[in-house]
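S.K.:
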Ligand SMILES: Cc1cc2nc3c(=O)[nH]c(=O)nc-3n(C[C@H](O)[C@H](O)[C@H](O)COP(=O)(O)OP(=O)(O)OC[C@H]3O[C@@H](n4cnc5c(N)ncnc54)[C@H](O)[C@@H]3O)c2cc1C
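Numbering (my numbering), first residue to last: 62 to 392.
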């Protein structure tokens with residue numbers, strides 16, 4: 062086996078569900094490649110799984126130099142004990158410089174336990190990453206003070222660790238590395254205090270998920286009531302997309318929290334984001350301003366959403382959205 066020069070490398074955890082790697086994995090591989098090229102180091106993928114093949118393929122497709130794979134039946138479902146111990150084992154053996162983990166529910170739990178085990182600082186929920194090419198010091202950027210400021214945080218502990226919000230970084234173009242090394246390591250966790258007995262899907266959350274949607278039609282308080290979201294569902298259906306919303310809509314009880322976009326909801330970066338009756342508060346914009354194209358419909362010409370929109374429609378959602386539906390239905 063060829064030796065890996067991984068002592069200052071950037072590692073990415075590739076989280077899977079039912080064998081499928083989550084999209085945040087390729088977003089992070091894209092960032093890791095960009096940062097590693099600036100410091101002349103390598104990108105390593107970390108795969109802990111009972112079915113690692115699809116994650117190995119993702120690592121290869123998005124240009125990792127090598128992948129550490131710990132495979133076993135005990136990793137069929139995420140458990141903090143097993144995954145953090147296995148990851149810690151790899152870190153102790155191979156000493157990465159930087160670790161990137163998706164800020165998913167499992168990723169957040171894994172990263173925080175790992176940081177404690179390694180006595181390393183952890184910056185959570187980052188939305189932007191930069192590196193000093195001379196010192197390899199990361200500047201982890203994340204919203205602070207309710208999204209009114211962005212903090213840049215540097216750690217003076219090793220490895221440097223951060224979680225990154227899914228959708229906060231663009232999906233990179235594939236950059237296949239056919240020479241990627243796949244390094245299998247054996248590790249059996251010493252403790253597994255939690256056993257997953259059953260997985261129950263959120264029935265309210267069926268259809269295209271926000272993270273995967275190429276088009277998101279999002280509604281705010283300007284939609285006036287839950288019944289009016291039917292027309293946003295219709296528009297989303299015609300465009301093959303998903304419905305999202307602002308926090309006000311969740312607070313009103315019109316849609317579940319899983320639909321919320323923003324600093325305390327999901328970060329999304331679809332090809333098209335259509336904001337209907339959303340004012341454009343910084344906390345909302347923090348979760349959608351990486352969208353390729355933003356269309357805003359608002360009756361107030363001074364609404365801040367127009368500052369980030371590519372297409373600004375000053376008008377009443379109850380006139381504009383039905384007109385869009387009629388036009389698309391006729392095609
Ligand atoms: C710590 C913290 C975290 C937060 N996290 C989030 C978050 O993750 N996501 C989030 O969204 N918010 C978040 N918020 C709340 C945020 O500050 C705003 O209060 C919220 O985004 C406003 O939602 P809105 O735009 O739907 O409602 P409003 O601000 O009330 O805006 C409604 C808009 O609809 C327009 N409108 C009304 N009627 C019509 C019509 N008929 N046609 C067209 N336009 C119309 C109005 O002109 C207005 O611009 C957070 C706040 C804090 C303090």
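For each residue, glycine too, the CB sits at the ideal point set by N, CA and C.
Have a look at residue 264 and residue 297 and give me their C-alpha separation to the nearest angstrom.
M.R.: Because residue 264 sits at a pLDDT of 49, beneath the cut-off of 50, its placement in the model cannot be relied upon, and the following sentence gives the value as read from the coordinates. About 19 Å.
S.K.: For residue 311, which option in 165, 334, 281, 70 has the closest C-alpha, if you only look at C-alpha atoms?
M.R.: The candidate whose alpha carbon is nearest that of residue 311 is 281.
S.K.: Cutting at 6 Å between CB atoms, please list the residues of its own chain near residue 316, excluding the five before and the five after it.
M.R.: Contacts found: 306, 310.
S.K.: Checking the sheet assignment: what are the DSSP bridge partners for residue 212?
M.R.: In the DSSP output, where bridge partners are listed per residue, residue 212 has 203.
S.K.: Hey, is residue 351 close to ligand 1, as in C-beta under 7 Å from one of its heavy atoms?
M.R.: No, ligand 1 has no heavy atom inside 7 Å of this Cβ.
S.K.: May I ask you to check if the CB of residue 339 is nearer than 7 Å to at least one heavy atom of ligand 1?
M.R.: Under cutoff, so the answer is yes.
S.K.: Three or more beta-carbon pairs under 8 Å between the region 118-133 and the region 228-240, yes or no?
M.R.: Verdict: yes, contact present.
S.K.: Span of the alpha helix (DSSP H) holding residue 196?
M.R.: From DSSP, residue 196 is part of no alpha helix (DSSP H); its letter is neither H nor E.
S.K.: Say yes only if the C-beta of residue 169 is nearer than 7 Å to one or more non-hydrogen atoms of ligand 1, and no if none qualify.
M.R.: Because no heavy atom of ligand 1 lies under 7 Å away, the Cβ of residue 169 does not count as near it: no.
S.K.: May I ask you to list the residues that DSSP assigns as paired with residue 166?
M.R.: Paired residue(s): none; residue 166 is not in a bridge.
S.K.: Does ligand 1 have a heavy atom nearer than 7 Å to the CB of residue 321?
M.R.: Checking the Cβ of residue 321 against ligand 1 gives yes.
S.K.: Kindly indicate which residue of 89, 179, 149 has the alpha-carbon position closest to the one of residue 250.
M.R.: For residue 250, the nearest C-alpha among the options comes from 149.
S.K.: Let me know the beta strand (DSSP E) ranges lying completely inside the region 303-328, each 3 residues or longer, listed in chain order.
M.R.: If we require 3 residues or more, the beta strand (DSSP E) runs fully inside the region 303-328 come out as 303-306.
S.K.: Taking three-plus beta-carbon pairs below 8 Å as touching, is the region 188-200 in contact with the region 90-99?
M.R.: Touching, per the Cβ criterion.
S.K.: Under a three-way DSSP split, which group does residue 375 fall into?
M.R.: In this structure, residue 375 counts as strand in the three-state DSSP scheme.
S.K.: Assign residue 222 to one of three DSSP states: helix, strand, or coil.
M.R.: Three-state result, residue 222: strand.
S.K.: What three-state label does DSSP hand residue 274 in the structure shown?
M.R.: Three-state DSSP puts residue 274 in coil, outside helix and strand.
S.K.: Which one of 244, 377, 322 has the shortest CA to CA distance from residue 114?
M.R.: Answer by Cα proximity: 244.
S.K.: Can you tell me whether residue 145 is helix, strand or coil according to DSSP?
M.R.: DSSP places residue 145 in helix when its eight states are reduced to three.
S.K.: Can you confirm whether the region 219-239 touches the region 147-164 when touching is taken to mean that 3 or more C-beta pairs between the two stretches lie within less than 8 Å?
M.R.: With a cut-off of 8 Å, the region 219-239 and the region 147-164 count as touching, because enough Cβ pairs lie within range.
S.K.: In its own chain, which residues sit with a C-beta less than 8 Å from the C-beta of residue 174, not counting the 5 before and 5 after it?
M.R.: Same-chain partners within the cutoff: 141, 145.
S.K.: Identify, in the order they occur along the chain, each residue of the same chain with its Cβ nearer than 6 Å to the Cβ of residue 106, setting aside the five sequence neighbours on each side.
M.R.: Around residue 106: 73, 75, 120, 125, 128.
S.K.: How would you call residue 363, buried or exposed, if buried means at least 16 neighbouring beta carbons within 10 angstroms?
M.R.: The residue in question, residue 363, is exposed, as its Cβ has fewer than 16 Cβ neighbours within 10 Å.
S.K.: Per DSSP, residue 82 is paired with what?
M.R.: The partner list for residue 82 (beta bridge, DSSP) reads 77.
S.K.: What do you reckon, is the C-beta of residue 345 under 7 Å from a heavy atom of ligand 1?
M.R.: Checking the Cβ of residue 345 against ligand 1 gives yes.
S.K.: Cβ atoms of residue 221 and residue 199: under 8 Å apart, would you say?
M.R.: Yes; because the gap between Cβ atoms is below 8 Å, this pair is in contact.
S.K.: Taking residue 360 and residue 371 to be in contact with their CB atoms under 8 Å, please state how far apart those CB atoms are, rounded to whole angstroms.
M.R.: No, residue 360 and residue 371 are not in contact; Cβ-Cβ is about 19 Å, not under 8 Å.
S.K.: Among the candidates 203, 131, 381, 183, whose CA atom is the shortest distance from the CA of residue 218?
M.R.: Taking only the C-alpha atoms, the option nearest residue 218 is 183.
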